[in-house]
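Asks: For my numbering, add 16 to where a residue sits in the sequence shown, where the first one is 1.
Glycine residues also receive a C-beta, built at the ideal position from the N, C-alpha and C atoms.
Keep in mind that this is a model prediction, so the values were computed, not measured.
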Amino acid sequence: MPTITMRYEDLSEVRGRKIPLKELEETLPLIKCEVKSVLNGQITVEVNADRPDMFSTEGVARTLKGFLEIETGCPKYRVKKSKVQIFVTNKVKNIRPFVVGAIIKNVKLDEEPFLQLLQLQEKLHETLGRKREKVAIGIHNFDVVKPPITYTALEPEKIRFVPLDGDRPMTAKEILEETVQGRKYGWIMENLPRYPLLVDSEGLVLSMPPIINGEATKVTVDTKNLFIDITGLNEQAVNQTLNILTTNIVERSGTIQSVKVIYPKKSVWTVKLTPKKVKLDVDYFNEISGLNLDIKTTVRLAKKARFEAKAVKKKIYLTIPPYRCDILHPIDLVEDLIIAYGYNRIEPELPKTLTYGRELPKTKFTRKVRELMVGFGFQEITSYVLTSLETQVYRMDLEEKDDIVELLNPKTSEFSVVRRWLLPELLNFLSHNTHVDYPQKIFECGEVVVLDEEAETKTRNELRVAAVISDYRASYESIQSIIYMLLKNLKIKEWETIPKEHPSFLHGRTASIKIEGEEVAILGEIHPKILENFEIPNPTVAFELNLTKPLKIYGQTTEETSTNF
17 MPTITMRYED LSEVRGRKIP LKELEETLPL IKCEVKSVLN GQITVEVNAD
67 RPDMFSTEGV ARTLKGFLEI ETGCPKYRVK KSKVQIFVTN KVKNIRPFVV
117 GAIIKNVKLD EEPFLQLLQL QEKLHETLGR KREKVAIGIH NFDVVKPPIT
167 YTALEPEKIR FVPLDGDRPM TAKEILEETV QGRKYGWIME NLPRYPLLVD
217 SEGLVLSMPP IINGEATKVT VDTKNLFIDI TGLNEQAVNQ TLNILTTNIV
267 ERSGTIQSVK VIYPKKSVWT VKLTPKKVKL DVDYFNEISG LNLDIKTTVR
317 LAKKARFEAK AVKKKIYLTI PPYRCDILHP IDLVEDLIIA YGYNRIEPEL
367 PKTLTYGREL PKTKFTRKVR ELMVGFGFQE ITSYVLTSLE TQVYRMDLEE
417 KDDIVELLNP KTSEFSVVRR WLLPELLNFL SHNTHVDYPQ KIFECGEVVV
467 LDEEAETKTR NELRVAAVIS DYRASYESIQ SIIYMLLKNL KIKEWETIPK
517 EHPSFLHGRT ASIKIEGEEV AILGEIHPKI LENFEIPNPT VAFELNLTKP
567 LKIYGQTTEE TSTNF
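(1) Based on the DSSP output, what are the partners of Phe459 in its beta bridges?
(2) Taking only runs of the alpha helix (DSSP H) that begin and end inside the region 221-268, which ones reach a length of at least 4 residues, in chain order?
(3) For Leu539, which residues does DSSP report across the bridge?
(4) Go ahead and label Leu258 buried or exposed: buried means 16 or more other beta carbons lie within 10 angstroms of its beta carbon, across all protein chains shown.
(5) What first and last residue would you give for the alpha helix (DSSP H) that runs through Phe381?
(6) What are the complete beta strand (DSSP E) segments, minimum 3 residues, inside the region 26-58?
(7) Could you name the residues that DSSP lists as bridge partners for Trp285?
(8) Classify Leu563: buried if its beta carbon has 16 or more other beta carbons within 10 angstroms, exposed otherwise.
(9) Roughly how far, in whole angstroms, is the beta-carbon of Val61 from the beta-carbon of Glu74, given that I think they are within contact range, below 8 angstroms?
(10) In its own chain, which residues sit with a C-beta less than 8 angstroms from the C-beta of Gly250, not counting the 5 before and 5 after it?
(11) Under a Cβ-count criterion, where at least 16 other Cβ atoms within 10 Å of its own Cβ denotes burial, should Pro129 be classed as buried or exposed?
(12) Whose CA, out of Phe431, Lys320, Pro18, Glu463, lies closest to the CA of Arg146?
(13) Confirm, please, whether the CB-CB distance from Ile47 to Phe71 is below 7 angstroms.
(14) Which residue wins for smallest C-alpha separation from Lys530, given the options Pro68, Glu560, Gln132?
(15) Taking the alpha carbon of Gly596 as the reference point, which residue from Pro337, Lys124, Pro36 has its own alpha carbon closest?
(16) Which whole runs of the beta strand (DSSP E) in the region 135-191 are 3 residues long or more, in chain order?
(17) Under the DSSP definition of a beta bridge, which residues are partnered with Leu214?
(18) So which of Phe103, Ile538, Leu479, Ser494 has the shortest CA-CA distance to Glu512?
(19) Secondary structure at Ser98, three-state DSSP: helix, strand or coil?
(20) So, under 8 angstroms CB-CB, Phe301 and Leu353 are touching, yes? Tell me the CB distance rounded to an integer number of Å.
(21) Quick check on DSSP: helix, strand or coil for Glu194?
(22) Please return the same chain residues whose Cβ sits closer than 6 angstroms to the Cβ of Leu479, not counting the five positions on each side in sequence.
(23) Can you tell me where the alpha helix (DSSP H) holding Asp352 begins and where it ends?
(24) Return the bridge partner residues of Thr513 from the DSSP annotation.
(25) From what residue to what residue does the beta strand (DSSP E) around Asp299 run?
(26) Examine the ligand MG and report whether any of its heavy atoms sits within less than 6 angstroms of the Cβ of Trp203.
(27) Rank Ile508, Pro544, Ser520, His543 by C-alpha distance to the C-alpha of Ile569 and give the top, closest one.
(28) By the DSSP assignment, the beta strand (DSSP E) with Phe114 in it spans what residues?
(29) Exposed or buried, which one is Ser578 when buried takes at least 16 other CB atoms within 10 Å?
(30) When burial is assigned at 16 or more other CB atoms within 10 Å of the CB, is Ile593 buried or exposed?
(31) Should Asp126 be labelled buried (16 or more other beta-carbon atoms within 10 Å of its own) or exposed?
(32) What residue from Val266, Gly306, Asp453, Asn264 has the CA that sits closest to Ser486's CA?
(33) For Ala471, is the classification buried or exposed, using 16 other Cβ atoms within 10 angstroms of its Cβ as the cut-off for buried?
(34) Would you identify the three-state DSSP class for Asn360, choosing helix, strand or coil?
(35) Smallest Cα separation from Ser305: which of Arg31, Tyr357, Thr290?
(36) Helix, strand or coil: how does DSSP classify Glu489 here?
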């Protein structure tokens, strides 16, 4: 979670009331700020990642004001329209398409406010910004900017300006190779034909997002007026980031002015600080929280949480501050009201019923499967749930990938999908162990994720077991005997084996198993093409069994036996 530093004296000044340092240390954890250290008047806290509005002294102070009832209700922010315009060209459409802007007039950037602004910028970069790839922030001295501003993209060889803290004009290539920011974030620009650029009406370069600002618009403690630009890949994210940044700045000083962003086919005004209206059922709050509070008390808690609140019968109509981008569901409101009530005030209660802990039937069953497979002479392996599309689909000679869950922003292609079956991972394991003596007999028992349109998450987890035998003598009969013994020991009395065609298995040497008419397993000899893809030198046979049905039957059989006894 993000860690921020604050000075005790500065926090007290922004909050508007000084409380003893010891009391502050006890209070901060109650509002999602775990105190890590207090040294020479400087407080280091770890803030929950779901509260980006508290990544600076201003945000923490604003929350404390409500919690301590110094100032309650939804903060109000006035936004005046400026004459500043940002023209967006079509050149950024497929590169970094969204931009928002704002002007903050009459700021007072003493040393600590200046440091807090830089800290907030970088923490937002790391979290909401996904290390600047999704969102990047530029903060400039507005007094040297000559509007209107153009947001465009140019070929790298056509870009040349003095980067922040630089002493000479540099090309885009030099910036990426020679500056600290360029080396750190240059990967975002890899393979782009053009680089984004913000320039004013006189050609002054404000920034080359998401890498670096220009030296000409550098902000110092003497800066009085700020121009903020935020670019990114997601329109909602750039607006949320702008809301947090502008409202935190004006907690100390300054007034907000919006900027008109003109796209080729539309125009929008930013900043958008319109509060969101939601409602909360008091009975729902009491049921979830375990508290039994009346509506008057609940309204008071809502105001402590910095919401505006109005009670109508058993419902509370709330106004959510524009900087609270983490409120997505009524449960988030419940959490905030419990925080306002105080976790330290909640009295522990003994359960009304006497219960004893025990293993889940699924856990016992899984252990039984593992013990059986080990008894059959197999060695257990464990693979990652995250894997690659190459292993799960292409190396298995499968063409369709619509039924596999892919990550939206994977860090590496090796972990870009969630496994949908275990067998590819076993073959991948064999491919890295060709130096080990044969025969090799391995298995894995674990969960896979399959698509399910009827489920709430559109997916479901399935418990499966898969096994392979790799040896020059391996045959269909070798693996058939194993799965038959496994089913028999799991108290499955009847099953049906029928021929099956599958691109990963050899034609005529593949079958599926049905239990009560439901297909639960595939077994057979792996196709030579698949062995070649995994560079496995010996014939290999395998099975994969969905344990959902066997688990149900095993549980019923065990229960009947226990009852008869």
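Replies: With the structure as the only source:
(1) Glu396, Ala483
(2) 251-265
(3) In the DSSP output, where bridge partners are listed per residue, Leu539 has Ala527, Phe559.
(4) In the assembly as shown, Leu258 is a buried residue. Its beta-carbon has 16 or more other beta-carbons within 10 Å.
(5) 377-391
(6) 49-55
(7) In the DSSP secondary-structure assignment, Trp285 is bridged to Lys276.
(8) Its Cβ being crowded by 16 or more others within 10 Å, Leu563 is buried.
(9) With a Cβ gap of about 14 angstroms, Val61 and Glu74 do not count as contacting.
(10) The sequence shown places Asn at residue 250, rather than the Gly named in the question. Here the set comprises Phe114, Lys150, Val151.
(11) Buried, since its Cβ has 16 or more Cβ neighbours within 10 Å.
(12) Nearest C-alpha to Arg146 among Phe431, Lys320, Pro18, Glu463: Pro18.
(13) Not closer than 7 angstroms, so no.
(14) Comparing C-alpha distances from Lys530 to each of Pro68, Glu560, Gln132 shows the shortest one belongs to Glu560.
(15) This structure cannot settle anything about residue 596, because the visible part of the chain is limited to 17 through 581.
(16) 151-157, 165-170
(17) Tyr167, Ser223
(18) Measuring from the Cα of Glu512, the nearest candidate turns out to be Ile538.
(19) strand
(20) Confirmed, about 6 angstroms.
(21) For Glu194, the secondary structure class from DSSP, reduced to helix, strand or coil, is helix.
(22) Glu463, Leu563
(23) Boundaries of the alpha helix (DSSP H) around Asp352: 346-357.
(24) Ile529
(25) From DSSP, Asp299 is part of no beta strand (DSSP E) but of the alpha helix (DSSP H) over 298-305.
(26) Inclusion of the ligand MG in the displayed structure is not the case, the ligand content being empty and no account of it being possible.
(27) Ile508
(28) 114-121
(29) Low confidence applies to Ser578: its pLDDT is 44, below 50, so where it sits in the model is not reliable, and the reading given next is rough at best. Per the 10 Å Cβ criterion, exposed.
(30) Any question about residue 593 goes unanswered here, given that the chain covers just 17 to 581.
(31) exposed
(32) Comparing Cα-Cα distances from Ser486 to each of Val266, Gly306, Asp453, Asn264, the minimum goes to Asp453.
(33) exposed
(34) helix
(35) Tyr357
(36) One detail in the question is off: residue 489 reads as Arg in this sequence, not Glu. If DSSP states are grouped into helix, strand and coil, Arg489 belongs with coil.
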